[in-house]
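Going by UniProt numbering, the sequence shown opens with residue 1, and the numbers climb by one from there.
Note that beta-carbon positions come from the ideal geometry of N, C-alpha and C, so glycine has one too.
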Amino acid sequence: MLEEREGTFMMPRSAQMALIIPGILLFVFLFAMMPVVLHFGPGDGGLQFSWGQGFQSLKAYIAGLGSGESFTYYSGKNLHHFWERIGIYFLTSFYYVTAAGILGSAIGIFIGIYFAISKAGWAKSVADFIGALPDFVIVLLLQFMIVLIAKETGVVLFEVATLSADDPAVVLPLLAMIIIPANYMLRNVSMQMKLTLTEDYISNAKAKGMGKLYIIFYHALPNVLPYVKGDLHKLMGIVMGNLFIVEYLFNNKGVSILIFAHAFVGGEYQYDIVVNGLLSFLILYGLGYGLVRLFLFALGKVFQR
1 MLEEREGTFM
11 MPRSAQMALI
21 IPGILLFVFL
31 FAMMPVVLHF
41 GPGDGGLQFS
51 WGQGFQSLKA
61 YIAGLGSGES
71 FTYYSGKNLH
81 HFWERIGIYF
91 LTSFYYVTAA
101 GILGSAIGIF
111 IGIYFAISKA
121 GWAKSVADFI
131 GALPDFVIVL
141 LLQFMIVLIA
151 KETGVVLFEV
161 ATLSADDPAV
171 VLPLLAMIII
181 PANYMLRNVS
191 MQMKLTLTED
201 YISNAKAKGM
211 GKLYIIFYHA
221 LPNVLPYVKG
231 DLHKLMGIVM
241 GNLFIVEYLF
251 NNKGVSILIF
261 AHAFVGGEYQ
271 YDIVVNGLLS
281 FLILYGLGYG
291 LVRLFLFALG
301 KVFQR
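Printed below as a string of structure tokens:
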């Protein structure tokens with residue numbers, strides 16, 4: 001049933017999810033078809049659509065769910081089972097998504113508060129400059145910096161890429177994952193905090209002789225956090241998009257590499273592994289979103305009056 005609210009009809013959340021989830025799954029199935037559907041035709045090389053081949057891939061995937069064939073893929077000439085291999089890839093990506101979401105939010109919130117109440121113009125200029133850089137440029141700059149330091153001093157601070165399972169790059173990709181969401185968060189928090197500090201109830205708190213830090217953290221911050229929660233899907237979108245770039249450029253064995261390395265094998269497109277990889281990304285997104293939401297809830301409880 002539809003809920004009536006202020007003269008309008010609101011669809012219940014359960015009904016919304018019943019529509020959203022199939023829509024997301026349909027998008028994944030269709031998106032994974034694109035390498036099969038889109039191709040250049042002979043002669044003029046014009047772009048052509050072969051929806052029949054795409055839906056044939058989808059039909060084969062659905063038919064193979066019962067037998068388990070949809071969860072097998074080739075790596076070179078070797079046949080692997082998705083469920084046996086996804087664990088380590090998923091955990092690697094989960095580590096970066098969780099760290100980027102929670103640490104990026106925490107750093108962004110507290111630095112954003114500092115920017116809102118201080119006159120650190122140079123720091124704000126640096127943050128604006130970083131925010132204007134594409135994510136892959138930030139990754140390359142971090143790698144270049146480590147290489148330059150190693151060349152000048154002979155000291156390798158961090159691994160610039162994962163070359164083997166025994167010597168993985170950890171710190172540098174983690175920094176790359178945190179910088180962008182933290183920068184996005186601090187700009188939003190700084191703006192909302194400045195607006196909140198102009199509200200009448202803040203003036204009343206000052207008039208009562210309350211301390212500056214108490215007003216900021218126990219009056220202003222609880223009213224800023226709802227705006228942060230409202231932007232959480234956008235933040236997680238940034239994190240997930242950044243994950244593709246970071247895992248690819250650092251060669252970290254996450255879900256992105258699982259897709260990139262096995263989508264095409266021997267000139268053949270493996271629709272099944274792409275679908276399964278994208279579905280794994282949806283689970284990563286949901287878990288990351290839930291944990292960041294939990295962190296913001298806990299933060300709100302800490303500074304609740």
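Contact under 7 Å by Cβ, residue i with residue j
i	j	result
Val36	Gln53	yes
Val239	Ser93	no
Tyr271	Ala63	no
Asp128	Ile245	no
Tyr74	Leu258	no
Gln143	Val171	no
residue 307	Leu291	The structure shown has nothing for residue 307, since the chain only spans 1 to 305.
Thr198	Ala220	no
Phe158	Ile149	no
Met193	Ala106	no
Arg305	Tyr218	yes
Phe82	Asn276	yes
Phe295	Ile102	yes
residue 310	Tyr61	For residue 310 there is no data in the structure shown, the boundaries of the chain being 1 and 305.
Thr162	Asn252	yes
Thr72	Leu79	yes
Residue i versus residue j: straight-line alpha-carbon distance, rounded
i	j	result
Lys212	Lys206	8 Å
Gly241	Ile20	21 Å
Leu235	Gly76	36 Å
Lys119	Arg85	51 Å
Phe281	Val155	36 Å
Ala250	Leu141	Going by the sequence as given, residue 250 is Phe instead of Ala. Each residue's alpha carbon lies about 13 Å from the other.
Tyr96	Met177	7 Å
Leu38	Gly267	15 Å
Leu278	His262	13 Å
Leu299	Ile215	16 Å
Gly210	Leu30	Correcting the residue type first, residue 210 is Met in the shown sequence and not Gly. Those two C-alpha atoms are separated by around 57 Å.
Phe297	Ala132	30 Å
Glu6	Gly230	With a pLDDT of 49 at Glu6, under the threshold of 50, the modelled position of that residue is not reliable, and the figure given next carries that caveat. Whole-angstrom Cα-Cα distance: 22 Å.
Lys208	Asn223	19 Å
Lys151	Pro168	20 Å
Ser57	Gly23	19 Å
Ile202	Tyr114	17 Å
Gly237	Ile283	13 Å
Pro173	Leu232	22 Å
Gly286	Leu175	22 Å
Met34	Ile273	14 Å
Ile130	Gly121	14 Å
Lys124	Phe55	50 Å
Ser190	Asp200	19 Å
Leu91	Ala100	14 Å
Gly87	Leu243	17 Å
Tyr269	Lys301	49 Å
Ser50	Val28	18 Å
Collapsed DSSP secondary structure at residue i in the structure displayed
i	result
Glu247	helix
Asn78	strand
Phe264	strand
Gln48	strand
Leu133	coil
Leu38	strand
Gly290	helix
Val302	helix
Arg5	At Arg5 the pLDDT is 49, less than 50, meaning the model places this residue with poor confidence and gives no usable figure here.
Supposed contact pair residue j and residue i - C-beta distance, whole angstroms, cut 8 Å
i	j	result
Asn188	Val228	7 Å
Leu186	Ile111	5 Å
Pro181	Gly104	3 Å
Ile138	Ile109	With a Cβ gap of about 21 Å, Ile138 and Ile109 do not count as contacting.
Phe260	Tyr248	6 Å
The ligand MN heavy atom lying under 6 Å from the CB of residue i
i	result
Lys212	Summarising the ligand content, the structure contains no ligands, and the ligand MN is consequently not present.
Practice task
Identify every run of the alpha helix (DSSP H) within the segment 159-235, keeping only runs that are complete inside it and at least 4 residues long; order them along the chain.
Solution key: As far as the segment 159-235 is concerned, its whole alpha helix (DSSP H) runs of at least 4 residues are 171-196, 200-207, 212-215, 221-230.
Handout entry: Unbroken stretches of the alpha helix (DSSP H), 4 residues or longer, contained in the segment 101-159
Key = Every alpha helix (DSSP H) stretch that sits fully inside the segment 101-159 and reaches 4 residues is listed by chain position as 121-132, 135-153.
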